[in-house]
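Enquirer:
2 protein chains.
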Amino acid sequence: MSSPAPTPERVTTSGIALLSDALVDQAVAVDRVDWRPPMPGTEADLVTVAGDPLRRTANARALEAVLGVQATLVDVAPASEVLGLGRGEFLHAGPPITWDRASGPLRGGLMAGAAFEGLVDDPEAAPASFADGTFTLGPCHHRGAVGPMAGVVTPSMWMFVLEDPETGRRTYCSLNEGLGKVLRYGAYSPDVLERLRWMADVLGPLLRAAVRAKAADTSPKGGAVDVTGILTQMLQMGDEAHNRNRAGTLMLLRDLAPYLVTAGPDAGFSADDVAAALAFVGGNDHFFLNLAMPACKLALDAARGIEGATLVVAMARNGTDFGIQTAGTGDEWFTGPAQVAEGLFLGDYGPDDANPDIGDSAITETAGIGGFAMATAPAIVRLVGGSVPDALATTRRMHEITLGENPRWQVPVLEFQGTPTGIDVSLVCRTGILPQINTGMAGKVAGVGQVGAGLVTPPAEIFPAALARLAELARARG
Amino acid sequence: MSSPAPTPERVTTSGIALLSDALVDQAVAVDRVDWRPPMPGTEADLVTVAGDPLRRTANARALEAVLGVQATLVDVAPASEVLGLGRGEFLHAGPPITWDRASGPLRGGLMAGAAFEGLVDDPEAAPASFADGTFTLGPCHHRGAVGPMAGVVTPSMWMFVLEDPETGRRTYCSLNEGLGKVLRYGAYSPDVLERLRWMADVLGPLLRAAVRAKAADTSPKGGAVDVTGILTQMLQMGDEAHNRNRAGTLMLLRDLAPYLVTAGPDAGFSADDVAAALAFVGGNDHFFLNLAMPACKLALDAARGIEGATLVVAMARNGTDFGIQTAGTGDEWFTGPAQVAEGLFLGDYGPDDANPDIGDSAITETAGIGGFAMATAPAIVRLVGGSVPDALATTRRMHEITLGENPRWQVPVLEFQGTPTGIDVSLVCRTGILPQINTGMAGKVAGVGQVGAGLVTPPAEIFPAALARLAELARARG
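Going down the list, the protein sequences come from chains D and G. Just so we're aligned, residue 1 is where the first sequence starts under our numbering, counting upward by one. Just so we're aligned, residue 479 is where the second sequence starts under our numbering, counting upward by one.
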């Protein structure tokens, strides 16, 4: 006589609750695991990629490379010098795009850039030269740079220069103009251009003097500004480093202020100029975003070109297309239509006024901060919408699609858990969970500027597309 | 025939679990309420105070007065000018005390102060003049001031001057020296005195120039520094404004930096002096504590002298005694022995090296921040000990002994709940829950300096003592 199967003491269940509920009725301890079906059509590619013998070590190497990078601010210089950008060349956020497909805010930013460079007297005169190819476009990412929102960079704009001291690799980002009517949100009115000129004539050179003086200072207070270190601190100070950069901006100001005071006069600037620069930086809570972004790119670029790695190295939007690149697929962009964020609007603006998602700033989420670190910045829900429990849940959920945690960037309220880092295309496809991005919203009409801020995800289909290419490469390797 | 009593659908229980567990067994929904017995011997006084017809409106007035105060930084000036402090007069933290009962760190701070004032050449020569009454002692609180740790103030020290613009009332606090070997922790070595001299010769006058220039500036960026406003922001940036003042310090720096640059030269200071002042403030995460404290005193002083009010208006320690004052009991101190904090120690120091609790800084908890706002500053557990859940639970628990919430000072992670404000002597006695203070720890031997930071509560008996006096006054009113 066979004995009956013993009752299990503990069972792990996933999916519908029928089984788990039945077990509970029988007094069996149950660990319920949230289960989601994979994205439709990805099953075969998921099997292929999961079976790729390179995958595990490639992803481990990729994550280690990302986490090992320290970003330091070593210089501030015009884009013509450090990016080799020539007259009539324009950089923009996101994957490649042509003028005819460009959204309103990108067009507005390019028009502002053309007027700022003196290529046209009136921004309204610029479109013809973009349309006929006289002025050329290229992604920031293709020159080692990142740009928030429209992300327009022209030769005369001053750039932060970040360096990983271990490898000497560098990334670049323009200086942040502030909020409201600004070029990066597609505005091109005279006050926008005037601000850009002051930034090129005074702010950029003053920052260069201070950054260089600090880097050359061999005292304990000297050395290049430790951008990664500031990020570590600001994540414990209510910033998620995408739409809250208050503490980060203040720490940058703290680090540079003494050198602005001493090096400014040597560079030919008056006390009033120095005071104006201090007030401008201190008055713009988002100033540090333009350091957080290239710091994230510097980290993620370390994982580029690792065969078999399914880690996402860039998420970027040009206002029309949302594109991703992965460590294992070289420079190829996988793109789909950018979505309109849901969130909170300024003044009388509403959802109909908002352009689809734009900017390279999703590089922060790609590196595990921004929307991925919302739990550490619950006050952000007052800017982008949602609730505090949502913010906490979002960070927890992002751990389900990432390869690891960043031990340097911790979330105190989650008992110092590291931020979820290294989006894995396989995990996104297997769970259907999309990366959560929080973002500013530009008006869809060129010239309007910012209309709000909110929450958005990439178009789902770009992850299966990237997975398909990773599977194809795995199959080709045999 | 009588029908049986209907089964209740929902029952609220407190105290031991016997009843609630029995109800759960009968499938009745139970709301469990934590119940604690009142402090022993307070029952009669609790009944008297609860029956005082003045109490409810008095406490409402007191809380409203506290919450209505805005603290602005209007000046920086020597204590001799603004406190009328004469040569040989010394202020200290906490309730009144004499030299013979003074603890090591208070003695050390007084010795440093005597040497700083040139009353003695060597700090070691000072004790005799304190012991024989040549040098006199008085509490900071008796002169409208507060002082962290030893809280020693001498005539030549420069003070922040805070004002409530509505009433013109003012409070005062010295400038923060930084951490480690500093006067306020009882150190008196030559480097301590040298720093104090630089603070009196350069930092104080420079801050005065900047604070006055900003206050006189009628542009949108000008006006007196809004200390209450900075507190509002810093509570959303990981500071609880007692042992974390990082964001607060940086915002002060942001507000004053442009004016230091422009007003400094007019006051006769060089660019190097200005840079040194910026670096000193920026390098001392606790600098803003000395603004948070007088801002809290300014708020709480608004409730002083309200007959029948059971709200605590000051908690302060001199290193020997812990004292409280209440709104309804005038200038009387209710004192008991200060406790040694439990926490984390610097270097090789341990519990045996620590002096009992010292300083006026518990004014922050009295006003609803510091230990009361630990939920908003979970990273602080790395400094003072405890766990993140403890920090969240502490803020929630403090709501049980406070009269209300501060709508201006919100805790984002608790869904923007206001900080627990207005400690009620009755509620403390009725629940036995003591106010939670987080604090620095001074070495118990004069001259040592800081040895750690930790968590501490007042001696329990001072609350029944204050309650007894409130009951006596209520009975006398009839």
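Cβ coordinates follow ideal geometry from the N, Cα and C atoms, glycine included.
Can you give me, in chain order, the residues of the region 729-758 of chain G that have a beta carbon less than 7 Å from any beta carbon in chain D?
Expert: Under the 7 Å Cβ criterion, the region 729-758 of chain G contributes M729, L731, R732, A735, P736, V739, T740, P743, A749, D750, V752, A753, L756, A757.
Enquirer: Touching or not, the region 897-916 of chain G and the region 644-651 of chain G, by the rule of three or more beta carbon pairs under 8 Å?
Expert: Because the criterion of three Cβ pairs below 8 Å is not met, the region 897-916 of chain G and the region 644-651 of chain G do not touch.
Enquirer: Quick check on the DSSP output: the beta strand (DSSP E) that includes Y172 (chain D) runs from which residue to which?
Expert: Locating residue 172 (chain D) in the first sequence gives position 172, where the first residue counts as 1. It spans 170-174 - the beta strand (DSSP E) in which Y172 (chain D) sits, taken as one unbroken run.
Enquirer: Could you please tell me which residues of the region 890-905 of chain G, in chain order, have their CB closer than 7 Å to any CB of chain D?
Expert: Against chain D - using a Cβ distance shorter than 7 Å - the residues of the region 890-905 of chain G are P890, V891, E893.
Enquirer: Sorted by chain position, which residues of the same chain lie with C-beta nearer than 7 Å to T134 (chain D)'s C-beta, five sequence neighbours on each side aside?
Expert: For the purposes of this step, residue 134 (chain D) is taken as residue 134 along the first sequence, with counting starting at 1. For T134 (chain D), where only same-chain residues beyond five positions count, the Cβ hits under 7 Å are G88.
Enquirer: Distance check for D642 (chain G) and P258 (chain D), CA to CA, integer angstroms please.
Expert: Residue mapping note: residue 258 (chain D) aligns to position 258 of the first sequence, counting from 1. Residue mapping note: residue 642 (chain G) aligns to position 164 of the second sequence, counting from 1. Cα to Cα, P258 (chain D) sits roughly 32 Å from D642 (chain G).
Enquirer: Can you pull the chain G neighbours of A247 (chain D), defined as C-beta to C-beta under 8 Å?
Expert: Here residue 247 (chain D) refers to the residue found at position 247 when the first sequence is read from its first residue. The contacting residues are M715, G716, R724, A725, L728.
Enquirer: Relative to the C-alpha of W636 (chain G), which candidate in G:S607, G:A678, G:E672, G:A745 has its C-alpha closest?
Expert: The residue you call residue 636 (chain G) lines up with position 158 of the second sequence. Selected option, being the one with the closest Cα: G:A678.
Enquirer: State the DSSP-derived secondary structure class of L54 (chain D), mapped to helix, strand or coil.
Expert: On the first sequence, residue 54 (chain D) is found 54 positions in, with the first residue counted as 1. Coil at L54 (chain D), not helix or strand.
Enquirer: Counting only C-beta atoms, is V211 (chain D) closer than 8 Å to chain G at any point?
Expert: Position 211 of the first sequence, counting from 1, holds the residue named residue 211 (chain D). Chain G contact via Cβ: absent.
Enquirer: Would a check of beta-carbon distances place K485 (chain D) closer than 8 Å to chain G?
Expert: For residue 485 (chain D) there is no data in the structure shown, the boundaries of chain D being 1 and 478.
Enquirer: Is A694 (chain G) close to chain D? Criterion is C-beta to C-beta, closer than 8 Å.
Expert: Here residue 694 (chain G) refers to the residue found at position 216 when the second sequence is read from its first residue. Judged by the 8 Å Cβ criterion, A694 (chain G) is not in contact with chain D.
Enquirer: Can you have a look at G746 (chain G) and say buried or exposed, based on whether 16 or more other CB atoms are within 10 angstroms of its CB?
Expert: Working through the second sequence from its first residue, we reach residue 746 (chain G) at position 268. The residue is exposed, with fewer than 16 neighbouring Cβ atoms inside 10 Å.
Enquirer: Does the distance from the C-beta atom of G443 (chain D) to that of D353 (chain D) stay below 8 Å?
Expert: The residue you call residue 443 (chain D) lines up with position 443 of the first sequence. The residue you call residue 353 (chain D) lines up with position 353 of the first sequence. Yes; because the gap between Cβ atoms is below 8 Å, this pair is in contact.
Enquirer: Would you say V866 (chain G) lies against chain D (beta-carbon separation less than 8 Å)?
Expert: Here the question's residue 866 (chain G) lines up with position 388 in the second sequence. Yes, contact with chain D.
Enquirer: Tell me which same chain residues have a C-beta within less than 8 Å of the C-beta of T249 (chain D), skipping the five on either side of it?
Expert: Along the first sequence, read from residue 1 onward, the residue named residue 249 (chain D) stands at position 249. So the list reads V281, G282, N284, D285, H286, F287, F288, once near-sequence residues are dropped.
Enquirer: Taking just the CA atoms, how far does L291 (chain D) sit from F160 (chain D)?
Expert: Along the first sequence, one-based indexing puts residue 160 (chain D) at 160. Along the first sequence, one-based indexing puts residue 291 (chain D) at 291. When rounded, the distance between both Cα atoms is 7 Å.
Enquirer: On the DSSP letters alone, give me the boundaries of the beta strand (DSSP E) that E973 (chain G) sits inside.
Expert: No answer is possible for residue 973 (chain G): the residues shown for chain G start at 479 and end at 956.
Enquirer: Check each candidate in D:L392, D:G418, D:D424 and name the one with the smallest Cα separation from E893 (chain G).
Expert: The count along the second sequence starts at 1 and reaches residue 893 (chain G) at position 415. That would be D:L392, whose Cα lies nearest to the Cα of E893 (chain G).
Enquirer: Compare the C-beta of P683 (chain G) against all C-beta atoms of chain D and say whether one is closer than 8 Å.
Expert: Within the second sequence, residue 683 (chain G) is the residue found at index 205, counting from 1. It does not: the Cβ of P683 (chain G) has no partner Cβ on chain D nearer than 8 Å.
Enquirer: Does the beta-carbon distance from E472 (chain D) to I380 (chain D) come in below 8 Å?
Expert: For the purposes of this step, residue 472 (chain D) is taken as the residue at position 472 of the first sequence. For the purposes of this step, residue 380 (chain D) is taken as the residue at position 380 of the first sequence. No, they are not a contact pair.
Enquirer: Comparing alpha-carbon positions, which option in G:V866, G:T550, G:L524, G:W811 lies nearest Y650 (chain G)?
Expert: Translated into positions along the second sequence, residue 650 (chain G) becomes position 172. It is G:T550.
Enquirer: What are the partner residues of H570 (chain G), as DSSP defines its beta bridges?
Expert: Mapped onto the second sequence, residue 570 (chain G) falls at position 92. H570 (chain G) pairs with G:P617.
Enquirer: Quick check: the region 810-818 of chain G against the region 777-786 of chain G, are at least 3 beta-carbon pairs closer than 8 Å?
Expert: Touching, no.
Enquirer: Any Cβ of chain D within less than 8 Å of the Cβ of G932 (chain G)?
Expert: Residue 932 (chain G) sits at position 454 when you count from the first residue of the second sequence. Chain D, which has no Cβ nearer than 8 Å to the Cβ of G932 (chain G), makes this no.
Enquirer: Is DSSP giving F894 (chain G) helix, strand or coil here?
Expert: Working through the second sequence from its first residue, we reach residue 894 (chain G) at position 416. Reduced to three states, the DSSP call for F894 (chain G) is coil.
Enquirer: My assumption, with CB atoms under 8 Å, is that T439 (chain D) sits in contact with S387 (chain D). Please give the rounded CB distance.
Expert: Here the question's residue 439 (chain D) lines up with position 439 in the first sequence. Here the question's residue 387 (chain D) lines up with position 387 in the first sequence. The pair is not a contact, with the Cβ atoms about 18 Å apart (cut-off 8 Å).
Enquirer: Would F526 (chain D) and D357 (chain D) be called neighbours here (beta carbons separated by less than 8 Å)?
Expert: The first residue shown for chain D is 1 and the last is 478, placing residue 526 (chain D) beyond what the model contains.
Enquirer: Answer yes if the region 402-418 of chain D comes into contact with the region 217-233 of chain D, meaning at least three C-beta pairs across the two stretches below 8 Å, and no otherwise.
Expert: Yes, since at least three Cβ pairs between the region 217-233 of chain D and the region 402-418 of chain D fall closer than 8 Å, the two stretches touch.
Enquirer: Give the interface partners of P378 (chain D) over in chain G, defined as CB-CB distance under 7 Å, in chain order.
Expert: Here residue 378 (chain D) is taken as the residue at index 378 of the first sequence, counted from 1. In chain order: P890, V891.
Enquirer: Taking 8 Å as the CB-CB cut-off, is G282 (chain D) touching chain G?
Expert: Taking the first residue of the first sequence as position 1, residue 282 (chain D) is located at position 282. Closer than 8 Å to some Cβ of chain G, the Cβ of G282 (chain D) qualifies, so yes.
Enquirer: State the DSSP-derived secondary structure class of G761 (chain G), mapped to helix, strand or coil.
Expert: On the second sequence, position 283 is the one that residue 761 (chain G) refers to. Correct three-state label for G761 (chain G): coil.
Enquirer: So, for A309 (chain D): in the same chain, excluding its five sequence neighbours on each side, which residues have a beta-carbon less than 6 Å away from its beta-carbon?
Expert: Taking the first sequence and counting its residues from 1, the one referred to as residue 309 (chain D) is at position 309. Hits under 6 Å: A58, N59, A62, A327, G328.
Enquirer: Can you tell me the Cα-Cα spacing of I401 (chain D) and A465 (chain D), whole angstroms?
Expert: The count along the first sequence starts at 1 and reaches residue 401 (chain D) at position 401. The count along the first sequence starts at 1 and reaches residue 465 (chain D) at position 465. Roughly 17 Å between the two C-alpha positions.
Enquirer: My output table needs one value for T72 (chain D): the three-state DSSP class, helix, strand or coil.
Expert: Residue numbering aside, residue 72 (chain D) sits at position 72 when the first sequence is read from its first letter. Three-state result, T72 (chain D): strand.
Enquirer: Look up A832 (chain G) in the DSSP assignment and say whether it is helix, strand or coil.
Expert: For the purposes of this step, residue 832 (chain G) is taken as the residue at position 354 of the second sequence. The answer is strand: DSSP assigns A832 (chain G) an E or B state.
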